[in-house]
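Worksheet: one structure, shown below.
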Amino acid sequence: MNILRLSLFKLKKNKKEAAAIAFLTMITTLMLAVFMANISKANKAYDDSFAQSGSKDSCVMIKKDKYRDEYKDLLNSEYGIRDMTETECVYGFALDYKTSNGDERTYVSVFVPEKNERKIENFVKTDKLTDEETEKLEHPIWLPMFFSIGEGYEPGDTLTVCKNGRDYPFTIAGFYKTGLYNDSGIGYKMVISDNDYELFKLILDDGVYGAYTTLWFNSANTGYKEDIFIESCERLSGEDLNSYSTYNSTRNEKLNSLQFINMFMYFLAFFSGVTMLSAVLMIMHRITNDIEDQMQQIGVLEALGYRSREISLSYVYEYVITAGIGAVPGVVGAFLVSPLMNLGIQGMIGRPMTVKTEG
5 MNILRLSLFK LKKNKKEAAA IAFLTMITTL MLAVFMANIS KANKAYDDSF AQSGSKDSCV
65 MIKKDKYRDE YKDLLNSEYG IRDMTETECV YGFALDYKTS NGDERTYVSV FVPEKNERKI
125 ENFVKTDKLT DEETEKLEHP IWLPMFFSIG EGYEPGDTLT VCKNGRDYPF TIAGFYKTGL
185 YNDSGIGYKM VISDNDYELF KLILDDGVYG AYTTLWFNSA NTGYKEDIFI ESCERLSGED
245 LNSYSTYNST RNEKLNSLQF INMFMYFLAF FSGVTMLSAV LMIMHRITND IEDQMQQIGV
305 LEALGYRSRE ISLSYVYEYV ITAGIGAVPG VVGAFLVSPL MNLGIQGMIG RPMTVKTEG
């Protein structure tokens, strides 16, 4: 009791310093707890979402009039990849769009008809109109999950493609669980009707736009490198494919999708280290000043019945109490902010959170 009583006396005597240390401890605990609780959530959310889509993990797109069947043989001979799906899409690099409320957007777009989409993914539909409502739509479009989670679109909204001074309005039939092409930096795969697909093959056939042959396959543990494969195709054909080919993989898209949330998380960890260092420096400064005071007051304290061991331990108790006062609201704050972090992670990666909230 003597130790605790002396510690509480010191806290009352140095209220401002104790409050500052408690505040720094709270900030440190809050940010460190948020970092530790959420650093793996985005990674798991991406992996779970990708697995649910049923997509293969790699894709190569080469403009249809530049494509050769021999390119598939290169995948087999150079990387041992035999199981691949060949299909077709319409690639629209940086197309302009208008939303229902008149906002303008620009999206890298990959258009596929449903029959082609089902060859490469499970096409699992999520938030959507009823089948009866969808059948009545003249120009339905199914969008990747990002548009629902990250952009706030809803089924029934209008999304208009703007090309060559003309508007091509679509009605959003719903959203689907997307594997590849669910990211702003790489592009979005949009599923449209057969008639609209044939129309887009014509109106988007311009330069790098137009119909592309696509090869989908799993490349894990094969040594496959996208740029090296394209170079091999160029050597085989003698053509420059840089402007007429593109590629994607879950490795590239995951890195692109998670880069900002990971930067934010590591910023929290770095800043928590800064606040922790500030608290430690403040404590060291306090200890230096207390040693000087102790040299003057030790005789008085011993005369009051305090032993030197109790006097020394009182300093330890003081900082434990101060740190505890700051740490408790920090942990509680991290627990309370966790649902907001889940929403933030969802919005940034455009994929649903599947990780339970942890306190």
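Position one of the sequence shown corresponds to residue 5 (the numbering used here), numbered consecutively onward.
Even for Gly, the Cβ is constructed at its ideal location relative to N, Cα and C.
According to DSSP, is residue i part of a helix, a strand, or is it coil?
| i | result |
| --- | --- |
| Glu158 | coil |
| Thr175 | strand |
| Leu141 | coil |
| Asn42 | helix |
| Arg355 | coil |
| Asp244 | coil |
| Arg170 | strand |
| Tyr71 | coil |
| Phe127 | coil |
| Leu147 | strand |
| Leu308 | Low confidence applies here, because Leu308 scores a pLDDT of 49, under 50, leaving its location unreliable and the question unanswered by this model. |
| Thr134 | coil |
| Ser276 | helix |
If we count the other Cβ atoms within 10 Å of its Cβ and call it buried at 16 or more, is residue i buried or exposed?
| i | result |
| --- | --- |
| Ile232 | exposed |
| Thr279 | buried |
| Leu184 | buried |
| Asn199 | exposed |
| Pro117 | buried |
| Ala283 | buried |
| Leu308 | Below a pLDDT of 50, predicted positions are generally treated as unreliable, and Leu308, at 49, falls in that range; the measurement from the model is reported next regardless. Result: exposed. |
| Gly96 | buried |
| Thr32 | buried |
| Lys193 | buried |
| Tyr355 | The sequence shown places Arg at residue 355, not Tyr. That one is buried. |
Which whole-angstrom value describes the C-beta separation of residue i and residue j, a residue pair presumed to lie in contact below a C-beta threshold of 8 angstroms?
| i | j | result |
| --- | --- | --- |
| Glu74 | Leu240 | 6 angstroms |
| Leu272 | Phe39 | 5 angstroms |
Ordered along the chain, which non-local residues of its own chain (more than five positions away) have a Cβ less than 6 angstroms from that of residue i?
| i | result |
| --- | --- |
| Ile234 | Leu245 and Ser249 |
| Gly330 | Ala26, Thr29 and Met30 |
| Met269 | Phe39 and Ile43 |
| Asp368 | There is no way to answer for residue 368, as the model of the chain reaches only from 5 to 363. |
| Ala338 | Leu34, Ala37 and Val38 |
| Val333 | First, the amino acid is wrong: residue 333 is Pro here, not Val. Counting only Cβ-Cβ distances below 6 angstroms, and skipping sequence neighbours, we find Met30. |
| Ile196 | Phe115 and Ile145 |
Identify, in the order they occur along the chain, each residue of the same chain with its Cβ nearer than 7 angstroms to the Cβ of residue i, setting aside the five sequence neighbours on each side.
| i | result |
| --- | --- |
| Ala177 | Lys132, Leu133, Thr138, Leu141, Pro144, Ile145, Trp146 and Pro159 |
| Glu243 | Lys70 |
| Arg109 | Tyr101 and Thr103 |
Closer than 8 angstroms by C-beta to residue i: which residues in its own chain qualify, once you throw out the five before and the five after it? Chain order, please.
| i | result |
| --- | --- |
| Asp209 | Ala215 |
| Lys68 | Glu92, Gly214, Ala215, Tyr216 and Thr217 |
| Lys45 | Met345, Asn346, Ile349, Met357 and Val359 |
| Thr76 | A quick correction: the sequence has Lys, not Thr, at residue 76. So the list reads Met88, Glu90 and Leu219, once near-sequence residues are dropped. |
Consider the C-beta atom of residue i and the heavy atoms of the ligand FMN; say whether any pair is separated by less than 7 angstroms.
| i | result |
| --- | --- |
| Ile353 | Although the ligand FMN was asked about, the structure shown includes no ligands whatsoever. |
Which parts of the stretch 175–242 are runs of the beta strand (DSSP E), unbroken and 3 residues or longer, counting only runs that do not cross its ends? Counting only runs of 3 or more residues that sit fully inside the stretch 175–242, the beta strand (DSSP E) segments are 191–196 and 214–221, in chain order.
Beta strand (DSSP E) runs wholly inside the stretch 79–108, at least 3 long, in chain order: Within the stretch 79–108, the complete beta strand (DSSP E) segments at least 3 residues long are 88–103, listed from N- to C-terminus.
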